[in-house]
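Novice: Handing you this structure, nothing more for now.
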Amino acid sequence: MRPVRISEISYTNVWPVYYYFETEGLEVELIPQVPSQLNRGMAQGEIDLGPISSFAYGEAYPNYVILPNLSVSATGPVGSIFLFTKGKDLSELDGARIALTNTSATSVNLLRILLERFEQVKPTYLTMAPHLEKMMEQAEAALLIGDDAIRGSWHHHGYRIFDLGEEWHKRTGLSMTFAVWAVRREIAEQRLPELERIYQRFIEAKEKGKKDLEPVVNKAISQVGGTREFWEHYFNGLNHDLGKDQIKGLKTYYQYATELGLLKQEIEICTLDLLASISTSV
Ligand SMILES: C=C(O[C@@H]1C=C(C(=O)O)C=C[C@H]1O)C(=O)O
Numbered sequence: 001m002r003p004v005r006i007s008e009i010s011y012t013n014v015w016p017v018y019y020y021f022e023t024e025g026l027e028v029e030l031i032p033q034v035p036s037q038l039n040r041g042m043a044q045g046e047i048d049l050g051p052i053s054s055f056a057y058g059e060a061y062p063n064y065v066i067l068p069n070l071s072v073s074a075t076g077p078v079g080s081i082f083l084f085t086k087g088k089d090l091s092e093l094d095g096a097r098i099a100l101t102n103t104s105a106t107s108v109n110l111l112r113i114l115l116e117r118f119e120q121v122k123p124t125y126l127t128m129a130p131h132l133e134k135m136m137e138q139a140e141a142a143l144l145i146g147d148d149a150i151r152g153s154w155h156h157h158g159y160r161i162f163d164l165g166e167e168w169h170k171r172t173g174l175s176m177t178f179a180v181w182a183v184r185r186e187i188a189e190q191r192l193p194e195l196e197r198i199y200q201r202f203i204e205a206k207e208k209g210k211k212d213l214e215p216v217v218n219k220a221i222s223q224v225g226g227t228r229e230f231w232e233h234y235f236n237g238l239n240h241d242l243g244k245d246q247i248k249g250l251k252t253y254y255q256y257a258t259e260l261g262l263l264k265q266e267i268e269i270c271t272l273d274l275l276a277s278i279s280t281s282v
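132 is the number that UniProt numbering gives to position 132 of the sequence shown; each next residue is one higher, with no gaps.
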């Protein structure tokens with residue numbers, strides 16, 4: 001049988017889980033990608049499992065199941081999902097052109113929820129590669145995610161920066177889940193014992209990442225730049241669990257996305273019960 005194809009998001013936000021992910025003895029292939037490539041790969045059946053955009057889970061519903069207790073979430077500022085504006089507040093973006101990174105699915109739709117539902121403004125959008133200066137030549141505001149957003153925030157360009165995790169939390173009081181570990185439903189049905197072993201390794205990796213973050217911080221400093229304080233603060237602001245609070249925030253996000261017509265149907269959060277069969281939780 002071919003290896004299980006697992007995506008590895010190339011952004012630092014998943015390193016606290018992937019750094020200690022041990023593939024020894026597993027029949028897996030790790031494929032580095034940005035979220036939008038992973039979402040496409042999963043939809044086309046080229047990738048079996050990975051931390052997909054939570055929005056992509058909703059789009060593909062009910063084709064995937066979620067591995068419990070893994071996510072990329074934040075309650076409040078996330079530190080790497082930023083809207084850059086030339087000084088305007090979110091409420092002043094009616095009719096504005098906004099450039100969206102072509103690497104994201106969750107955050108572009110989160111932005112639409114914040115602007116269209118909460119601020120009642122209706123901008124126009126264009127999708128571009130994540131280059132802040134090029135985006136700002138063509139638009140009044142730009143959305144970046146992941147390390148592109150982090151690097152963008154380090155430059156002294158004078159733009160106003162809105163953290164979408166923080167803006168979501170201010171308006172809803174809820175946590176926001178940007179990615180969930182999803183697996184194609186047929187893989188879950190056909191290769192459950194292997195999935196259990198893979199899942200166990202992910203959970204072990206996440207626990208190690210919580211206990212010993214220092215090597216992860218060192219890797220980020222050497223590969224991306226920035227200070228130890230920056231990365232400690234960034235990683236500590238992220239949450240990689242999928243507990244009650246995260247699920248409550250995610251359900252609300254799906255509900256708003258469906259109400260705005262961004263998703264076609266009501267979404268249930270189906271998690272894989274790794275000791276029995278597929279179940280719908282919470
Ligand atoms: C926290 C982040 O979350 C990411 C945001 C995603 C999206 O917007 O679709 C997808 C996966 C997450 O890993 C980030 O990129 O900074």
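Where a beta carbon is used, it is the ideal one built from N, C-alpha and C, also for glycine.
(1) Considering just the uninterrupted stretch of the beta strand (DSSP E) at Asp245, what are its terminal residues?
(2) Ile81: beta carbon under 7 Å from a heavy atom of ligand 1?
(3) Would you report the Cα separation of Glu232 and Val217, rounded to the nearest angstrom?
(4) Hey, would you say the C-beta of Gly237 is under 7 Å away from at least one heavy atom of ligand 1?
(5) Note down, in chain order, each residue of its chain lying with its Cβ closer than 7 Å to the Cβ of Glu266, except the 5 sequence neighbours on either side.
(6) Would you mind sorting Leu262 into buried or exposed? The rule is 16 or more other CB atoms within 10 Å of its CB.
(7) Compute the distance between the beta-carbons of Thr252 and Thr177, then report whether it is under 8 Å.
(8) Given a cut-off of 8 Å on the beta-carbon distance, is the pair His240 and Lys206 in contact?
(9) Assuming Tyr64 and Val224 are in contact, meaning their beta carbons sit under 8 Å apart, how far apart are those beta carbons, in whole angstroms?
(10) My parser needs the alpha helix (DSSP H) runs of 4 or more residues fully inside the segment 60 to 125; what are they?
(11) So Phe84 and Ala142 are in contact, right, with Cβ under 8 Å, and what is the actual spacing, rounded?
(12) Have a look at Gly249 and Arg201 and give me their C-alpha separation to the nearest angstrom.
(13) Beta carbon of Ala105: closer than 7 Å to some heavy atom of ligand 1?
(14) So, is Ile150 buried or exposed, given that buried needs 16 or more other C-beta atoms within 10 angstroms?
(15) Identify whether Ser222 lies in helix, strand or coil by the three-state DSSP scheme.
(16) Are Leu26 and Ile198 touching if we call contact CB-CB under 8 Å?
(17) Kindly list the residues whose CB is nearer than 7 Å to the CB of Arg191, restricted to its own chain and excluding five residues on each side of it in sequence; keep chain order.
(18) With respect to the beta strand (DSSP E) encompassing Leu26, which residues constitute its N-terminal and C-terminal limits?
(19) Check the C-beta distance from Gly146 over to Asn13 and give it rounded, since I have them as a contact under 8 Å.
(20) Just the Cα atoms here: how many angstroms apart are Trp15 and Pro62?
(21) Under 8 Å between C-beta atoms, does Glu59 make it to chain D?
(22) Is Gly37 helix, strand or coil by DSSP?
(23) Taking 6 Å as the limit between beta carbons, can you name the residues of its chain near Leu274, skipping five residues before and five after?
(24) With distances taken from CA atoms, which of Gly243, Lys170, Pro77 and Ala74 is nearest Leu114?
(25) Do Val28 and Ile52 have their C-beta atoms closer together than 8 Å?
(26) Would you call Asp89 buried or exposed, if buried means 16 or more other Cβ atoms sit within 10 Å of its Cβ?
(27) What does DSSP give as the partner residues of Val4 in its beta bridges?
(28) With a threshold of 8 Å on Cβ separation, who are the neighbours of Asn45 within its own chain once the five nearest residues in sequence on each side are excluded?
(29) Should Ala179 be counted as a contact of ligand 1 given a C-beta to heavy atom distance under 7 Å?
Specialist: Here's the rundown:
(1) Run containing Asp245: none in the beta strand (DSSP E); it sits in the alpha helix (DSSP H), Lys244 to Glu259.
(2) Result yes, Cβ under 7 Å from ligand 1.
(3) Taking the CA atoms as reference points, Glu232 sits about 7 Å from Val217.
(4) A distance criterion of 7 Å places the beta-carbon of Gly237 beyond contact range of ligand 1, judged by its closest non-hydrogen atom.
(5) Within the same chain, Cβ atoms closer than 7 Å to the Cβ of Glu266 are found at Thr258, the five residues on either side in sequence being excluded.
(6) Buried: at least 16 other Cβ atoms inside 10 Å.
(7) Against a cut-off of 8 Å, the Cβ pair of Thr177 and Thr252 comes out as no contact.
(8) Contact: yes.
(9) Between Tyr64 and Val224 a beta carbon distance of about 30 Å is seen, past the 8 Å cut, so the two are scored as non-contacting.
(10) 106 to 112, all fully within the segment 60 to 125.
(11) Indeed they touch by this definition, with Cβ atoms about 5 Å apart.
(12) Spanning the two alpha carbons is a distance of roughly 26 Å.
(13) Yes, Cβ of Ala105 sits closer than 7 Å to a heavy atom of ligand 1.
(14) In summary, Ile150 is buried, with 16 or more beta-carbon neighbours lying within 10 Å of its beta-carbon over all protein chains present.
(15) In this structure, DSSP gives Ser222 a helical state, which the three-state scheme calls helix.
(16) It is a contact, given that the beta carbons lie within the stated cut-off.
(17) Hits under 7 Å: Val4.
(18) Bounds of any beta strand (DSSP E) do not take in Leu26, whose DSSP letter is neither H nor E.
(19) Between Gly146 and Asn13 a beta carbon distance of about 6 Å is seen, short of the 8 Å cut, so the two are scored as contacting.
(20) The alpha-carbon separation between Trp15 and Pro62 amounts to approximately 28 Å.
(21) Among the protein chains of the structure shown there is no chain D, as only one such chain exists.
(22) One point to set straight first is that residue 37 is Gln, not Gly, in the sequence displayed. Annotated three-state conformation of Gln37 is helix, per DSSP.
(23) Counting only Cβ-Cβ distances below 6 Å, and skipping sequence neighbours, we find Glu196 and Tyr199.
(24) Of the candidates Gly243, Lys170, Pro77 and Ala74, the one whose C-alpha sits nearest the C-alpha of Leu114 is Lys170.
(25) Taking 8 Å as the Cβ cut-off, Val28 and Ile52 do not qualify as a contacting pair.
(26) Result: exposed.
(27) Answer by DSSP bridge pairing, in chain order: Val28.
(28) The amino acid at residue 45 is misidentified as Asn; the sequence shows Gly. By the criterion of a C-beta distance shorter than 8 Å, Gly45 is surrounded in its chain by Arg184, once the five residues flanking it on both sides are discounted.
(29) Within the cutoff, so yes.
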